[in-house]
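Colleague:
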Amino acid sequence: MDAFLASTIAVAIAEIGDKTQLLSLFLVARYAQRLPIILGIFIATVLNHALSAWLGAWVAEWIPDQWLPWILAVSFMAIALWLLIPDKDDSEDSRFLGMGAFMATTVMFFIAEIGDKTQVATVVLAARYPETLWVIIGTTVGMLLANIPVIMAGKWLMDRLPLATARLGASILFVLLAIATVWAALV
Numbered sequence: 099m100d101a102f103l104a105s106t107i108a109v110a111i112a113e114i115g116d117k118t119q120l121l122s123l124f125l126v127a128r129y130a131q132r133l134p135i136i137l138g139i140f141i142a143t144v145l146n147h148a149l150s151a152w153l154g155a156w157v158a159e160w161i162p163d164q165w166l167p168w169i170l171a172v173s174f175m176a177i178a179l180w181l182l183i184p185d186k187d188d189s190e191d192s193r194f195l196g197m198g199a200f201m202a203t204t205v206m207f208f209i210a211e212i213g214d215k216t217q218v219a220t221v222v223l224a225a226r227y228p229e230t231l232w233v234i235i236g237t238t239v240g241m242l243l244a245n246i247p248v249i250m251a252g253k254w255l256m257d258r259l260p261l262a263t264a265r266l267g268a269s270i271l272f273v274l275l276a277i278a279t280v281w282a283a284l285v
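Numbering (our numbering), first residue to last: 99 to 285.
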């Protein structure tokens, strides 16, 4: 349950102001069909985060047990710093837009997640927690928790959301995960 909660909270907060959240806003403005966009995000996230989590779990098997907490702590700190850098939406001229709301969302979201903060966080969380399935479920739920309100409320919500505060909160959360990882290794 710790893996699920940590993954859900980490990704939901880290996703605020992220490029994929901006992509969600762009897609709902472009298509105005909410359900296909939500389903596309769900499918893309499950696929992307499953691959990422399995990679994290596999890497964790090869790293010596005494090194793993320190590598994870450094990774959490790196993500914390990365979260402080605002993302930009670069989806304006995508060739996938003619595929329809569901397919365009699925393809564009999957691609946008490659190398994204939340994908890297998924790899690190899966290396931290042995319950890989719960990490996948948690990161997917976190992604949906962050994106569905944007899809439903669109620009109104984005105009009122203090993105700098959200990025700082997400950064603090990853610092706390780094501290908890080191603490667990020392006790």
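For every residue, glycine included, the Cβ atom is placed at its ideal position computed from N, Cα and C.
If you're wondering where the values come from, they're calculated on a predicted model, not measured in any experiment.
1. Alpha carbon to alpha carbon, what distance is there between GLY196 and ILE235?
2. Would VAL233 and TYR227 qualify as a contact pair, given that the criterion is a beta-carbon distance under 7 Å?
3. Hey, quick one: how far does the alpha helix (DSSP H) through GLY213 stretch, first residue to last?
4. What did DSSP end up calling MET250 once you bin it into helix, strand or coil?
5. Suppose the cutoff is 6 Å on Cβ atoms and the five residues either side in sequence are ignored; what does the same chain contact list for SER122 look like?
6. Give the DSSP-derived three-state secondary structure of TYR129 in the structure shown.
7. Rounded to a whole number of angstroms, what is the C-alpha to C-alpha distance between GLY198 and SER269?
8. Go through its chain and collect everything with a Cβ distance to GLN217's Cβ below 8 Å, but skip five positions before and after it.
9. Cα-Cα, which of ALA251, TRP152 and LEU179 is closest to GLN131?
Modeller: With the structure as the only source:
1. Whole-angstrom Cα-Cα distance: 30 Å.
2. Contact: yes.
3. Neither: GLY213 is in no alpha helix (DSSP H) and is coded neither H nor E.
4. Helix, per DSSP.
5. Close CB contacts of SER122 within its chain, under the 6 Å cut and outside five residues either way in sequence, are with ASN245, VAL248 and ILE249 (chain order).
6. If DSSP states are grouped into helix, strand and coil, TYR129 belongs with the helices.
7. For GLY198 and SER269, the distance between alpha carbons rounds to 35 Å.
8. For GLN217, where only same-chain residues beyond five positions count, the Cβ hits under 8 Å are ASN146, HIS147, SER150 and GLU211.
9. Checked all of ALA251, TRP152 and LEU179; the closest Cα to GLN131 is ALA251.
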